[in-house]
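In this text, residue positions in the sequence shown follow numbering that gives the first Met the number 0: the first is 0, and each later residue adds one.
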Amino acid sequence: MKLRALLAMTAVVCFAPIAEAQQFNQFFAFGDSTTDTGWFAHASTGSPALDAAIAGAVAAGGNAHFTGPGPGNAQILAGFFGLTANPANTPGGTNYAIGGALDNAGPAPFTAYTNFISLANALPPNPALPSTAGQINNYLASVNGHANSNALYLISTGGNDVFTALALNLTPAAATAYFLSDAQALATSVARLQADGARFIIVANEYVAPSASSATAQSFGRTLLAATWADLAAAGVNFIPADTASAIAAVVRNPAPFGITDTINPACLSPGATGVTCAPAGLVSPNALQTHLFMDFTHLTEAGQLIVADYYYNLLVAPSEISFLAESAVQTTFAMITGIQQQIDLSQRQRQSGWNVWVNGELSFLRINNSASGFPNDPGIPASGTMGIDYRWQNGWLAGAAITLGRVSPTFSLGGGYTQDEGALSLYAGYRNGAWWGDIVGSVGSLSYDTSRLVPIGIAVQPNNGSTTGTDLSLAGEAGYDFHTGFLTHGPVVGAILQQVRVNGFTEAGSFTSLSFGDQTRNSEVSAIGYRASFDCGIWHPFVQAVWDHEFDRLNRSVTASLTTTVAPSYSMPAVVLGRDWATATVGTQVRIDRSWSGLVSFTAQIGQQNVTNYGGLIGLNYAFDSDPPPLIRKN
Numbered sequence: 000m001k002l003r004a005l006l007a008m009t010a011v012v013c014f015a016p017i018a019e020a021q022q023f024n025q026f027f028a029f030g031d032s033t034t035d036t037g038w039f040a041h042a043s044t045g046s047p048a049l050d051a052a053i054a055g056a057v058a059a060g061g062n063a064h065f066t067g068p069g070p071g072n073a074q075i076l077a078g079f080f081g082l083t084a085n086p087a088n089t090p091g092g093t094n095y096a097i098g099g100a101l102d103n104a105g106p107a108p109f110t111a112y113t114n115f116i117s118l119a120n121a122l123p124p125n126p127a128l129p130s131t132a133g134q135i136n137n138y139l140a141s142v143n144g145h146a147n148s149n150a151l152y153l154i155s156t157g158g159n160d161v162f163t164a165l166a167l168n169l170t171p172a173a174a175t176a177y178f179l180s181d182a183q184a185l186a187t188s189v190a191r192l193q194a195d196g197a198r199f200i201i202v203a204n205e206y207v208a209p210s211a212s213s214a215t216a217q218s219f220g221r222t223l224l225a226a227t228w229a230d231l232a233a234a235g236v237n238f239i240p241a242d243t244a245s246a247i248a249a250v251v252r253n254p255a256p257f258g259i260t261d262t263i264n265p266a267c268l269s270p271g272a273t274g275v276t277c278a279p280a281g282l283v284s285p286n287a288l289q290t291h292l293f294m295d296f297t298h299l300t301e302a303g304q305l306i307v308a309d310y311y312y313n314l315l316v317a318p319s320e321i322s323f324l325a326e327s328a329v330q331t332t333f334a335m336i337t338g339i340q341q342q343i344d345l346s347q348r349q350r351q352s353g354w355n356v357w358v359n360g361e362l363s364f365l366r367i368n369n370s371a372s373g374f375p376n377d378p379g380i381p382a383s384g385t386m387g388i389d390y391r392w393q394n395g396w397l398a399g400a401a402i403t404l405g406r407v408s409p410t411f412s413l414g415g416g417y418t419q420d421e422g423a424l425s426l427y428a429g430y431r432n433g434a435w436w437g438d439i440v441g442s443v444g445s446l447s448y449d450t451s452r453l454v455p456i457g458i459a460v461q462p463n464n465g466s467t468t469g470t471d472l473s474l475a476g477e478a479g480y481d482f483h484t485g486f487l488t489h490g491p492v493v494g495a496i497l498q499q500v501r502v503n504g505f506t507e508a509g510s511f512t513s514l515s516f517g518d519q520t521r522n523s524e525v526s527a528i529g530y531r532a533s534f535d536c537g538i539w540h541p542f543v544q545a546v547w548d549h550e551f552d553r554l555n556r557s558v559t560a561s562l563t564t565t566v567a568p569s570y571s572m573p574a575v576v577l578g579r580d581w582a583t584a585t586v587g588t589q590v591r592i593d594r595s596w597s598g599l600v601s602f603t604a605q606i607g608q609q610n611v612t613n614y615g616g617l618i619g620l621n622y623a624f625d626s627d628p629p630p631l632i633r634k635n
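See the structure below:
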């Protein structure tokens with residue numbers, strides 16, 4: 000956990016670009032002091048006295064962040080993806096958030112708000128500075144209405160609107176009207192942001208510090224949040240709702256696992272000082288940024304900022320992690336079908352007609368990576384066993400059935416993992432007539448999953464457990480023509496594997512980071528074309544096959560997730576994307592043990608598929624019931 004935080008901090012400090020391909024190539028933030036990363040180090044607050052205090056803090060080692068010394072959640076989150084979140088009023092800056100910003104500019108009572116600063120302990124807004132909605136509009140104007148579709152957008156705002164309503168002592172009815180107006184204006188700007196190209200937009204609610212908490216403040220906050228999220232949903236915005244209020248509330252209830260010893264008193268020593276005016280020398284203790292949750296009576300310390308950034312990160316990557324469930328089923332089915340096809344060939348060679356029974360044992364290594372920087376991976380060791388029985392007629396036809404039981408337990412690189420158990424029934428047929436041959440395999444599988452997703456939050460780890468079921472349907476076929484040159488048999492092979500994996504939705508339990516996931520459907524249509532060769536050498540029959548595979552189905556599916564801590568619209572994020580083209584190579588041998596028994600050993604590897612490493616070995620036995628087997632050495 001500390002290493003992960005250190006990596007994020009390094010990215011913030013060094014601004015080093017990551018060469019690896021990544022889904023997010025820019026980070027933008029809009030809002031108020033909860034995500035401001037130093038706007039007022041380069042602009043006036045509108046108050047000369049406050050400007051002087053900020054300048055003094057910066058000269059003493061501060062950074063004009065409302066977190067005080069140390070990075071903010073926007074910078075930490077961007078750092079996880081190798082990006083930066085510097086203030087937009089600096090060269091190359093992309094963080095438009097400004098402390099004191101309201102959701103929407105308008106007839107807001109700035110004087111009343113300014114008089115309320117002693118209670119709000121926040122920066123009084125400068126009417127000349129843009130609201131959150133204005134920040135979004137300014138960004139869109141700067142890019143001529145073409146938002147970066149591969150950027151991550153963070154919007155954290157609303158607290159100042161609540162403080163304003165409290166300062167005016169508005170009635171619930173008047174406050175509601177005020178919030179509805181602000182929410183609609185903000186939603187309109189966010190909808191425009193999406194319409195102009197933005198695809199990944201986090202919209203956070205506002206936490207309330209225990210020292211500033213009141214029933215009225217909490218009620219106002221819920222009203223504003225509900226209106227904002229409802230307006231965004233009504234406008235068709237696919238946004239990621241972030242319940243930071245529940246995250247911070249969970250830390251306040253049980254701070255010890257997060258290294259927090261004080262959730263009430265501010266880390267800044269000077270009475271009335273905010274993080275924006277606090278320098279390292281002004282902390283109550285050298286480690287106050289890690290042991291205190293709040294910098295002042297409103298803003299979070301560095302420890303709190305990391306908690307929020309980690310919470311955002313969880314919302315972004317969890318759907319990708321859960322998408323691995325369907326992908327691993329697709330990959331393990333490839334291995335099962337390959338084993339059945341090899342046994343079909345062995346039964347065809349084993350006898351002229353009659354019954355065969357056989358068994359396979361397979362052990363593989365499977366790793367599915369996400370090429371997007373900052374997204375997790377999941378290596379695992381699939382193991383399976385298949386038992387089959389078939390009958391071969393003298394006219395070259397063969398038909399049979401097989402049962403497969405398999406398990407794989409991948410591990411998420413962030414911690415935890417899942418177990419996939421599958422039981423499959425396969426019906427198959429084969430045909431051989433002179434040099435021509437072919438086979439077809441149809442399978443119906445039942446999937447069972449147990450998930451254990453661990454989420455790093457600050458220095459703590461939050462557990463999230465779930466279980467679900469699914470189905471795996473597949474139809475595979477291959478055909479070829481054999482040329483005979485002495486004891487060598489060789490020729491072209493073509494094939495296809497059609498597959499549909501369905502994973503039912505489920506809800507995790509365990510912590511405030513638990514999510515609910517919707518149903519997944521993963522379709523796969525893979526063609527294969529290549530060449531194979533075998534050699535008859537006494538009791539041995541070594542073989543090799545190499546094919547080029549191509550995936551025809553769409554690769555842009557998504558996984559839907561929902562919060563479990565509050566009522567919020569669901570959101571969708573892209574599933575892991577695997578490569579369309581790869582080669583599959585198999586090398587092995589059949590061996591005649593005696594009149595009835597034959598053995599099979601093979602090794603298969605997928606080569607060159609983007610984001611997938613899949614290879615493994617198979618050991619099989621085949622028993623032919625009493626009949627006259629073919630000679631030990633024969634040509635097909």
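Built from N, CA and C at the ideal position, the CB exists for glycine as well.
In this structure, what does DSSP give as the bridge partners for residue i?
i, result
"Y622", "V356, W596"
"D484", "The sequence shown places Thr at residue 484, not Asp. Bridge partners of T484: L487."
"A545", "Y530, A584"
"S141", "None, per the DSSP bridge assignment."
"F219", "F219 pairs with nothing; no bridge assigned."
"H291", "D261"
"F602", "V586, G616"
"W435", "N432, Y480"
"Q499", "L472, N522"
Confirm, please, whether the CB-CB distance from residue j to residue i is below 8 angstroms.
i, j, result
"N464", "S451", "yes"
"W354", "G619", "no"
"Q519", "V576", "no"
"V202", "A226", "no"
"V407", "S327", "yes"
"Q22", "N147", "no"
"D261", "G457", "no"
"V611", "S601", "no"
"V316", "F374", "yes"
"T66", "Q304", "yes"
"T34", "G92", "no"
"T131", "T156", "yes"
"S442", "L453", "no"
"A28", "L165", "no"
Buried or exposed, going by whether 16 or more other CB atoms sit within 10 Å of the CB of residue i?
i, result
"F516", "buried"
"W228", "buried"
"P265", "buried"
"H540", "buried"
"C277", "buried"
"D535", "buried"
"R252", "exposed"
"Q609", "exposed"
"G69", "buried"
"L151", "buried"
"A567", "buried"
"S513", "buried"
"N204", "buried"
"Q347", "buried"
"I97", "buried"
"T297", "buried"
Residue i: which of the options sits nearest, CA to CA?
i, options, result
"G437", "D377, P462, T467, I339", "I339"
"G30", "T410, V543, G158, S571", "G158"
"Q25", "A56, I456, A77", "A77"
"N94", "V611, S148, L82", "L82"
"I200", "A423, L101, V443, I135", "I135"
"Y622", "Q605, L599, Q217", "L599"
"D195", "A184, L139, A182", "L139"
Would you please state the rounded distance, in angstroms, between the beta carbons of residue i and residue j? I believe it to be under 8 angstroms.
i, j, result
"L288", "L268", "Contact doesn't hold; Cβ gap of about 12 angstroms is too wide."
"T337", "P381", "That pair is no contact at about 12 angstroms."
"S363", "Y614", "7 angstroms"
"F257", "A459", "5 angstroms"
"Y427", "A401", "7 angstroms"
"P455", "G415", "Wrong, their Cβ atoms sit about 11 angstroms apart, outside the cutoff."
"V493", "A478", "6 angstroms"
"A527", "D548", "5 angstroms"
Got a sec: is the Cβ-Cβ distance from residue i to anything in chain B below 8 angstroms?
i, result
"E320", "The structure shown contains no chain B; it is built from a single protein chain."
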